[in-house]
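Numbered according to mature numbering (1 follows the signal peptide of the UniProt record, and there is no 0), the sequence shown spans residues -15 to -1, 1 to 419.
Note sheet for the following structure.
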Amino acid sequence: MVASLSRLVLFVVSANQHYTCFTSERGCKLTVSPSKIVAVGRPWLEFCCHTPLLVFFLTRDHVQAMQERKALHTLLAKQQEDLPPRRMKDSYLEVILPLGSQPEIREKYLNVHNSVRFGRILEDLDSLGVLICYTHTKQEMQPKSPLSIVTALVDKINLCKRIIYPDCDIKFTGSVSWVGKTSMEVKMHMLQLHDGDYSPVLDATFVMVARDPENKGPAFVNPLVPESPEEEEIFNQGELNKLKRIDFSTASLLKMAPTAEERNIIHDIFLNTLDTRTVSFRSRKLPPNSVWMEDTKLKGLQICHPQERNIFNRIFGGFLMRKAFELGWAIACSYGGSRPFIVSVDDIMFQRPVEVGSLLLLSGQVCYTEKNYIQVRVHTEVYDADTRDHHTTNIFHFTFISENEVPRVVPKTYGESMLYLDGKRHFAAVMKEI
Ligand SMILES: CCCCCC(=O)SCCNC(=O)CCNC(=O)[C@H](O)C(C)(C)COP(=O)(O)OP(=O)(O)OC[C@H]1O[C@@H](n2cnc3c(N)ncnc32)[C@H](O)[C@@H]1OP(=O)(O)O
């Protein structure tokens, strides 16, 4: 089967023994046996891959499709033990994004620096993560999957290359690496073809959660059985990752006071910003080569149109990540005064779904700096114009590296000091990994 992942929308044009699918972008035509189709819905999922498994969707009304999904409730397992265990290799997928061999798809991926837009890669990773989970949970006997699989967390994405070339093929690989009761950890890798060899670009770990067909409650997923000492290690790492996440969230500065060492850091910054000419706690002065945190803010607004919805009639997680990343990049760019490169994305928690039609408010700022590194935090919330309620949907943490050393960011208020410490913690976690 042709391998390509370029958000090519598939349309079914014949439904006899085999389905023939055309992509919305030129050139690609596929034939798939009906037995390989795991779900049918609206045109959304957009790739063909090495495994003969495709998730694709017919053009039709979304609401009607959601109504029809209700009938799938009967296919849900009552307990996890009723589901057959899977091996890591059962969900392993390899997908090619043919930027080198199909120049017509480059435009969508291209940025002004003639490299690949990282926001597009975030979208593809999200789509692939979901597809891997559907592969893990696929039941041969079921014509459609009863599961709604959503992205709960981007645990981390670490990049080992600064530039992604727009004219070389990209390969994504990945499989489920750990399974809980209703959640699955997925590890993905991205490689790029140079001189006949694929070399690593990034490693990503996502956590996906299975929900019932209407995305209203949790649903069990197949257990995962490691088959070798290497797989045992990957699985155990998944278990450790879960515990680490719990520790990190327990020690959150929203729940607990900073440590003694952190309190000293904040007090030193405070003392360093006092105007020595006046004997006052209120008279503050910016130290040389520094920027007040409040002056690093940029905001954006996104109207969440139906075009960006996923099959569950909610806004596609990859789209939210792309928008937040692009705001984060703009913040790092204007802060550092030169082109920033993304080094790491970590701990993006999808706290609640974003409904179609929402007003999505994005607001970001530099929250920590060290040498050439800029730690950016983007907060997104939906605003209900009727009730005037705001609800946080995501918090994104991006680490950028700038070409030159950057000024120090300085918090002024207590709230900003907590953002500074949170940014410092995230930065330390990233530095440990890369
Ligand atoms: C096909 C197209 C889809 C493409 C993908 C998308 O666009 S998705 C769109 C973007 N994503 C979203 O809209 C999701 C928004 N968030 C949510 O709906 C919800 O927060 C959620 C369903 C993820 C979690 O809700 P709850 O916390 O109430 O769920 P519940 O308590 O039942 O937990 C379910 C399982 O998720 C795990 N879990 C929950 N939050 C987690 C987190 N931040 N990190 C790791 N794991 C988490 C729990 O341990 C549990 O696993 P165990 O049971 O194993 O112990």
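A virtual CB, placed ideally from N, CA and C, is assigned to each residue, including glycine.
query	result
Is the beta carbon of Leu187 closer than 8 Å to that of Leu138?	no
Starting from the C-beta of Ile148, find all residues in its chain whose C-beta is less than 6 Å away, skip the five residues before and the five after it, and write them out in chain order.	Ser100
For my contact list, Lys308 and Leu346 are in at a C-beta cut-off of 8 Å; report their separation, rounded to the angstrom.	With a Cβ gap of about 11 Å, Lys308 and Leu346 do not count as contacting.
Helix, strand or coil for Arg27 per DSSP?	Model confidence at Arg27 stands at a pLDDT of 28, short of 50, so the residue's coordinates are unreliable and nothing is read from them.
Over what stretch of residues does the alpha helix (DSSP H) that includes His98 continue unbroken?	Unbroken run through His98: none, as it is neither H nor E.
Name the residue from Gly400, Pro185, Ser329 and Lys409 whose alpha carbon lies nearest to the alpha carbon of Ile386.	Ser329
Compare the beta carbon distance of Asn274 and Ser323 with 8 Å and say whether it is the shorter of the two.	no
Assess, as a yes-or-no matter, whether the region 407 to 414 is touched by the region 281 to 290 under the definition of 3 or more beta carbon pairs within less than 8 Å.	no
Taking the C-alpha atoms as reference points, what is the distance between Arg393 and Tyr77?	44 Å
Less than 8 Å between the beta carbons of Gly343 and Ile251, yes or no?	Inspection of the sequence shows that residue 343 is occupied by Ser rather than by Gly. No.
Do Arg337 and Glu212 have their C-beta atoms within less than 8 Å of each other?	no
Within 7 Å: the Cβ of residue 420 and any heavy atom of ligand 1?	Outside the displayed span of the chain (-15 to 419) sits residue 420, for which this structure offers no information.
Could you tell me the alpha carbon to alpha carbon distance between Gly85 and Met175, rounded to whole angstroms?	15 Å
Classify Thr235 as buried or exposed, calling it buried when 16 or more other Cβ atoms lie within 10 Å of its own Cβ.	exposed
Sort out for me which residues DSSP pairs Trp163 with in a bridge.	Glu170
Can you tell me which of Lys93, Glu247, Pro243 and Ser130 puts its alpha carbon nearest to the alpha carbon of His58?	Ser130
With a threshold of 8 Å between beta carbons, is Asp67 in contact with chain D?	Given the protein chain composition of this structure (a single chain), no chain D is represented.
Taking all protein chains shown into account, do 16 or more other C-beta atoms lie within 10 angstroms of the C-beta of Pro272, making it buried, or fewer, making it exposed?	exposed
What residues match up with Ser237 in a beta bridge as DSSP calls it?	The partner list for Ser237 (beta bridge, DSSP) is empty, contrary to what the question assumes.
On a Cα-Cα basis, can you pick out the residue from Trp163, Phe220, Cys153 and Ile327 that is closest to residue 423?	In this structure the chain extends from -15 to 419, so residue 423 is not present and cannot be described.
With DSSP as the reference, label Cys318 as helix, strand or coil.	helix
With the cut-off set at 8 Å, would you say Ile316 and Val276 are in Cβ contact?	no
In three-state DSSP terms, what is Lys201?	coil
Output the boundary residues of the alpha helix (DSSP H) element that contains His252.	Ala245 to Asn257
Let me know if Leu110 comes out buried or exposed under the rule of 16 or more other beta-carbons within 10 Å of its beta-carbon.	buried
For Pro291, name the three-state secondary structure that DSSP assigns.	helix
Taking only three categories from DSSP, how would you classify Phe266?	coil
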